[in-house]
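Only one structure is covered here, and it is reproduced in the block below.
Numbering (my numbering), first residue to last: 272 to 441.
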């Protein structure tokens with residue numbers, strides 16, 4: 272009996288993950304690991320976070336897609352002081368923010384006033400910091416760094432960016 276498209280696709284994804292040292296890891300773990308280090312950039316592994324999936328490409332050009340749970344949204348942000356870049360979909364091994372390994376306080380509040388995030392964080396090597404948020408909410412991001420701060424709106428809707436590189440600290 273021939274495998275179905277879903278089985279063949281699942282097998283190809285499993286093979287891709289195995290070849291790239293990601294076997295047995297769920298999508299949230301894969302996103303977290305790729306976003307936090309520059310090591311994968313040197314290996315040629317690329318990841319793009321979309322609203323509902325993680326798209327992966329390795330150095331051979333092979334591709335795999337991992338679904339993001341329907342109730343989850345990955346929002347990655349790179350607060351900055353003087354330089355930023357244009358970004359809509361966060362590229363885990365490609366985006367580079369200005370403030371790498373920088374301590375910050377982040378509060379993310381939904382439109383009803385519920386705090387989704389209230390943490391002291393340190394940006395990753397790529398100058399970003401990411402958070403898993405509920406899908407389909409909007410609200411406010413507030414970031415403080417040294418004597419600077421920024422407040423901006425956000426949304427995790429179906430057309431929302433997964434990369435926020437517009438948070439200028441003043």
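We treat Cβ as the ideally placed atom computed from N, Cα and C, and that holds for glycine.
Quick caveat: nothing in here was measured; it's all calculated off a predicted structure.
- If you ignore the 5 residues before and after residue 349, its C-beta comes within less than 6 Å of the C-beta of 368, 398, 399 and 436, all in its own chain and listed in chain order.
- In terms of Cα proximity to residue 340, the closest of 346, 353, 354 and 324 is 324.
- Nearest to residue 396 by C-alpha distance, out of 290, 293 and 305, is 305.
- Around residue 413, the same chain offers 378 and 422 as residues with beta carbons nearer than 6 Å, after the five sequence neighbours per side are excluded.
- In the structure shown, residue 419 falls within a strand segment according to DSSP collapsed to helix, strand and coil.
- Looking at 381, 359 and 416, the one whose alpha-carbon comes closest to that of residue 431 is 359.
- By the Cβ test, the region 382-389 is in contact with the region 401-408, since at least three Cβ pairs between them sit closer than 8 Å.
- With fewer than 16 other Cβ atoms from the protein chains shown falling within 10 Å of its own Cβ, residue 333 counts as exposed.
- With at least 16 other beta carbons inside 10 angstroms of its own, residue 361 counts as buried.
- Cα atoms of residue 351 and residue 439: separation of roughly 5 Å, rounded to the nearest angstrom.
- A straight-line Cα-Cα distance of about 44 Å links residue 290 and residue 441.
- When the beta-carbon positions are compared, residue 406 and residue 342 come within less than 8 Å of each other.
- Listed as beta-bridge partners of residue 320 by DSSP are 325 and 361.
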